[in-house]
Structure formats: C-alpha cells, structure tokens
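J.: Would you mind keeping the following structure in view while I ask a few things?
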Amino acid sequence: MSELQPSWLSTPAAGVGVPGLAPPLNLVPDLAQGYEVFLSSLKGVEGVPLRLLELGRVRIALIHDCQPQLDVAHALAPLTPADRAALERIELSAFDAAEQATLAIAEKIPLAHHDITDAEVEALKAPLGERPAMAVIVALSFFDVQCRLSQTLRAPEPSDRES
C-alpha cells in the first residue's frame with residue numbers, strides 16, 4: 000500500500016522516509032530527521048533484542064488497526080507468519096518470557112497505559128535488565144505515537160470522502 004498525502008496538505012511532501020508517516024511528516028524535514036534519529040537510537044541500545052521491538056511495534060499497530068504501520072514489513076527484525084498470527088490472536092504463550100512481558104505492556108500502551116503495573120515492568124526487567132527494559136517501554140510508547148500520527152496524517156480513504 001502506498002502512503003497517501005492528506006487532502007488538506009497543499010504542498011507535495013517528498014524527502015526522507017519515516018516508516019508509515021511520510022510524506023506528510025516530511026513537510027518538516029528537521030522533524031522527520033529527528034524521528035529517524037530517535038528510531039535508530041532505539042535499535043542501538045545494548046541488551047534490547049530487535050525482535051522484541053518489532054513484536055511490540057506490530058502488536059500496537061494491530062491494536063490501532065493502523066494499516067500504514069502494518070504495511071511496513073519487518074521494520075526492525077523479521078517475524079514469521081506464525082509470529083504474526085499469534086500477535087493477531089493475542090496468543091502470548093507462543094512467545095518467550097521477555098517477549099510476553101513486552102507484549103503485555105504493548106497491549107496496554109495505546110488505551111490503558113495507566114494500568115501498567117510494577118509487576119509487569121519487573122517481568123520485563125527480569126530477563127533484560129533495567130536500562131534495556133526502559134528502552135523497550137520508550138520504544139512501545141513511540142510506536143503508539145507513530146500509529147496515532149500515521150492515522151491522523153493519512154488521507155481519507157475514498158469511501159470516507161463520500162460520506
């Protein structure tokens with residue numbers, strides 16, 4: 000699926016590609032570049048498996064039904080079709096302890112972030128350590144923002160315009 004520019008933007012948006020957010024975000028190149036730098040920095044935190052980040056990113060996109068983010072395949076790490084199916088069914092038993100802890104928090108970030116418990120954070124810190132666990136939580140929050148922006152900045156589907 001190609002990215003669409005919202006009909007309310009009068010200036011064509013071209014430039015760097017922030018997954019699921021360009022072209023609208025590219026109207027402000029410094030902001031788009033900052034997003035790219037931030038996302039890249041998440042990939043470099045020692046002790047954070049990229050697979051955890053990708054599982055969280057996809058699960059949050061599924062919660063939001065965020066097609067622009069779902070269309071970005073393997074942004075951080077490859078997932079198998081079985082992984083994707085388990086994420087769609089919210090079948091946490093298909094994943095290891097660190098992945099389950101990540102997904103439990105990812106499940107709450109979009110709509111119930113205030114319900115994240117100390118025990119859930121501790122379950123993430125246990126296999127990863129404090130610094131990597133914090134990086135994962137920040138990344139999950141970032142993925143939530145990406146979905147919200149993707150949906151806010153996208154052009155309405157043709158059927159939406161007709162109503």
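No gaps in the numbering here: position 125 of the sequence shown is 124 in numbering that gives the first Met the number 0, and each next residue is one more.
Yeah, the Cβ is synthetic: ideal placement off N, Cα and C, and Gly gets one too.
Counting Cβ pairs, one atom from each stretch, are 3 or more of them under 8 Å apart for the region 102-111 and the region 48-62?
T.: Segments in contact, yes.
J.: The alpha helix (DSSP H) with residue 143 in it runs from where to where?
T.: 129-152
J.: Tell me which residues share the same chain as residue 81 and place their Cβ nearer than 8 Å to its Cβ, disregarding the 5 neighbours each side in the sequence.
T.: 93
J.: What distance in whole Å lies between the Cβ atoms of residue 44 and residue 125, which are believed to be in contact at a cut-off of 8 Å?
T.: Contact flag wrong, Cβ pair sits at about 17 Å.
J.: Please specify which runs of the alpha helix (DSSP H), each continuous and at least 4 residues long, are wholly inside the region 15-64, giving them in chain order.
T.: 28-42, 49-63
J.: How big is the Cα-Cα spacing for residue 118 and residue 100?
T.: 10 Å
J.: Would DSSP call residue 169 helix, strand or coil?
T.: Here the chain has residues from 0 to 162 only, and residue 169 is not among them.
J.: Give the secondary structure of residue 115 by DSSP, where H, G and I count as helix, E and B as strand, and everything else as coil.
T.: coil
J.: What does the alpha-carbon distance come out to for the pair residue 96 and residue 29?
T.: 38 Å
J.: Can you grab the Cα-Cα spacing for the pair residue 15 / residue 136, in whole Å?
T.: Because the pLDDT at residue 15 is just 48, under 50, the model does not fix this residue reliably, and the point stays unresolved.
J.: State the CB to CB distance for the pair residue 60 and residue 68, rounded to an integer number of angstroms; the pair is presumed to be in contact (CB under 8 Å).
T.: Between residue 68 and residue 60 the Cβ distance is about 4 Å, and since that is below 8 Å, they are a contact.
J.: Could you check how far apart the C-beta atoms of residue 63 and residue 146 are, in whole angstroms? I think they sit under 8 Å.
T.: 4 Å
J.: Give the range of the alpha helix (DSSP H) segment to which residue 80 is assigned.
T.: 80-88
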